[in-house]
Amino acid sequence: QVRVVESGGGSVHTGGSLRLSCAASGTSVNIDVMGWHRQTPGKQRELVASINSGGNTQYGDFVKGRFTVSRDNAKKTVYLQMNSLELEDTAVYFCKIVGSNRGVYWGQGTQVTVSS
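Just so we're aligned, residue 2 is where the sequence shown starts under the working numbering, counting upward by one.
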């Protein structure tokens, strides 16, 4: 059983920063892709950022250089540093992990609220 636990969500004002963390445990499966998606009510879940085992990253178009995704393979942890947060970044952020066996594992989500 793979356990995916997010932390670091919270409330900030526009222009502020938050750092999200996500740790995977309970698995001997090699991890391929680690990343973050977000969702707001009535909308589909969308990619925020991902990073694969080779260190290649992918970002949603709306990120525009404001966020940085990174990972610590030894700790099976992925981070999302979010700067210059905007009202539109308010959402529930979900960690997604893809194993080398192609299994997909999601965290429960962490709320990020940006206010003016």
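C-beta atoms are modelled at their ideal positions from N, C-alpha and C, and glycine is treated no differently. Computed from a predicted structure; not experimentally measured.
Asked: Identified DSSP bridge partners for Glu7; Found: Cys23
Asked: Cβ contact (3+ pairs, closer than 8 Å) linking the stretch 57–67 and the stretch 25–33; Found: no
Asked: Cross-strand partners of Arg1 (DSSP beta bridge); Found: Outside the modelled stretch of the chain, which goes from 2 to 117, sits residue 1, for which no answer is possible.
Asked: Neighbourhood of Thr111 by C-beta, 6 Å cutoff - its chain only, sequence neighbours within 5 removed; Found: Glu7, Gly10, Tyr94
Asked: CB-CB length for Val123 against Leu48, believed under 8 Å; Found: The structure shown does not extend to residue 123, since the chain spans only 2 to 117, so no value can be given for it.
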